[in-house]
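K.L.:
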Amino acid sequence: GFIDCVDADSWVRVDPENFSFDRYSVMIRGELWIKARDVKAGDFIRVLPEGDGLVWKRVDSNRLVDAECVTLTDAMGTSVTVSETTPITQPDSTAKAAVDCDGEQISSLVKEEVTWNTVKVSPAGVRTVAHISCKNGTYLAGKYPGRGLFSHNNYYKP
26 GFIDCVDADS
36 WVRVDPENFS
46 FDRYSVMIRG
56 ELWIKARDVK
66 AGDFIRVLPE
76 GDGLVWKRVD
86 SNRLVDAECV
96 TLTDAMGTSV
106 TVSETTPITQ
116 PDSTAKAAVD
126 CDGEQISSLV
136 KEEVTWNTVK
146 VSPAGVRTVA
156 HISCKNGTYL
166 AGKYPGRGLF
176 SHNNYYKP
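Counting in my numbering, the sequence shown tops out at residue 183, every number present.
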């Protein structure tokens, strides 16, 4: 299996109720965002709903590695850079490697509602990525704070 990761400089949405504010963070429209490289074990991050409603999942670990990456950009212009092997959850709950997702669907969060849009994939070269482990959660990350796409946190199993 392959390990998934987001660019270490991506922004990840964290739960302000369970955040120590000991790292650089940005608050936008009541949402708290930090850099993926700064996510720590014990933080709670926003993940794709499993069943009803949005949930926060506790981060188990985060480690930085270098990986060949692609940038995913949805039809609304929201983007995130991830390792090529990052699993991207599809509307039918299956997953595809990010590098194989051109023209496929990707989920984002707009005003606390999950939306699905077509995604464009472009090469991004080797980047330092953050491998954030949060018990199989599909978490929200983006190039800019306040806007993100969901990518899967698991070993990729085609």
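C-beta: ideal position from N, C-alpha, C; glycine also.
Predicted model, so just to flag it, every value in this text is computed and none were measured.
Restricting to Cα atoms, I'd like to know which of LEU89, TYR169, PHE69, GLU56 is closest to THR163.
P.N.:
As a working note, residue 163 is residue 138 in the sequence shown. Among LEU89, TYR169, PHE69, GLU56, the Cα nearest to that of THR163 belongs to PHE69.
K.L.:
Give a yes or no on whether the C-beta atoms belonging to THR143 and ASP99 are separated by under 9 Å.
P.N.:
In the sequence shown, the residue the question calls residue 143 occupies position 118. In the sequence shown, the residue the question calls residue 99 occupies position 74. Cβ distance < 9 Å, so THR143 and ASP99 count as in contact.
K.L.:
Compare the C-alpha of LYS145 against each of THR110, ARG172, MET101 and name the closest.
P.N.:
In the sequence shown, the residue the question calls residue 145 occupies position 120. Among THR110, ARG172, MET101, the Cα nearest to that of LYS145 belongs to MET101.
K.L.:
Spatial neighbours of SER147 within its chain, please: CB distance less than 8 Å, with the 5 preceding and 5 following residues excluded, ordered by chain position.
P.N.:
As a working note, residue 147 is residue 122 in the sequence shown. VAL95, THR96, THR98.
K.L.:
Within 10 Å of its beta-carbon, does PRO112 have 16 or more other beta-carbons around it, so buried, or fewer, so exposed?
P.N.:
For the purposes of this step, residue 112 is identified with residue 87 of the sequence shown, where counting begins at 1. Under this definition PRO112 is a buried residue.
K.L.:
Taking the beta strand (DSSP E) that ASP99 falls in, what are its first and last residues?
P.N.:
Translated into positions along the sequence shown, residue 99 becomes position 74. That run of the beta strand (DSSP E) goes 86 to 99.
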